[in-house]
Amino acid sequence: MNTIFSNEQIKKVIEFHGHQCPGLAIGIRASELCLKELGHNSESPLVAICETDMCGVDAIQFLTGCSVGKGNLILKDHGKMAFTFFRRKDEKGFRALLNHSFMTEQRKEMSRLMGIVAEGTASETEKKECKEIREECENSYLDADLNELFLIEKPQVSVPRPAKILQSLTCEDCGEVHMESRSRRFAGQTLCIPCFKKVEQKI
1 MNTIFSNEQI KKVIEFHGHQ CPGLAIGIRA SELCLKELGH NSESPLVAIC ETDMCGVDAI
61 QFLTGCSVGK GNLILKDHGK MAFTFFRRKD EKGFRALLNH SFMTEQRKEM SRLMGIVAEG
121 TASETEKKEC KEIREECENS YLDADLNELF LIEKPQVSVP RPAKILQSLT CEDCGEVHME
181 SRSRRFAGQT LCIPCFKKVE QKI
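Under the UniProt record's numbering, residues 1 to 203 are what the sequence shown spells out, in order.
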């Protein structure tokens, strides 16, 4: 493996996520980029913006110290294998986009076989081929040079503001307390988002 992480660290990432897969390997390598360029969240506050909800997000949380609960791991599910990292103290940052010219044919074949397996129509041979090509892609992600695996560019967004403690409001429909910034006004009432959606929905 061509990565700064030890086998033991990668094993712990797999245990945290629940299984090993190519997507997790992408997150491991994106985390490596972050640590090399910006350090760990324990050294200086970081922000990670993930443009996908795929497996690799768990690797980023585990390895960089960013998390949704701390407000410094932000999910923007655009369906893109893209990850932006910032260091707050100097606002240094970068965006890493998976290079889709990397192993293009293998990834296409992996997607095709995974689709057949998911449909439940795969033969034993196809199941074996799917397992083998997933392992091939995972190993290639872990072995690749980072500059080959990712297209590294300037961030497309500014550094997100730090998390704030806001007032709690009570929904005038369901009576549940919710964060002020997530409240909605409708017909003179303060509503939580689910209750707002119920009355605002046009069809």
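Ideal Cβ positions, reconstructed from N, Cα and C, are used throughout, including at glycine. Computed from a predicted model, the values in this text were never measured in an experiment.
- As computed with DSSP, Gln189 is found in a beta bridge with Phe186.
- For Phe5, there is no enclosing alpha helix (DSSP H), since its DSSP letter is neither H nor E.
- Leu149 and Met114 have their C-alpha atoms some 22 angstroms from each other.
- Distances from the alpha-carbon of Met179 to those of Ala187, Ser168 and Asp173 put Ser168 closest.
- Ser101 and Ile152 have their alpha carbons spaced roughly 14 angstroms apart.
- Asn2 is not a Cβ neighbour of Leu98, given a cutoff of 8 angstroms.
- Bounds of any alpha helix (DSSP H) do not take in Gly93; it lies within the beta strand (DSSP E) bounded by Lys92 to Leu98.
- If you look at Ser111, you'll find it in the alpha helix (DSSP H) that goes Thr104 to Glu119.
- Under a 10 Å Cβ-count criterion, Pro22 is classified as buried, with 16 or more other Cβ atoms of the shown protein chains found around its own Cβ.
- With contacts defined as CB atoms closer than 8 angstroms, Met103 and Arg134 fail to qualify as a contacting pair.
- Between the alpha carbons of Glu129 and Leu46 lies a distance of about 40 angstroms.
- Excluding residues up to 5 positions away in sequence, Arg182 and Arg184 lie with their Cβ nearer than 7 angstroms to the Cβ of Ile193 in the same chain.
- Around the beta-carbon of His17, 16 or more other beta-carbon atoms lie within 10 Å, marking it buried.
- According to the DSSP assignment, Ala25 belongs to the alpha helix (DSSP H) that extends over Pro22 to Leu38.
- In this structure, the straight-line span from the alpha carbon of Ala118 to that of Lys127 is close to 10 angstroms.
- Leu75 counts as exposed, since fewer than 16 other C-beta atoms from the protein chains shown sit within 10 angstroms of its C-beta.
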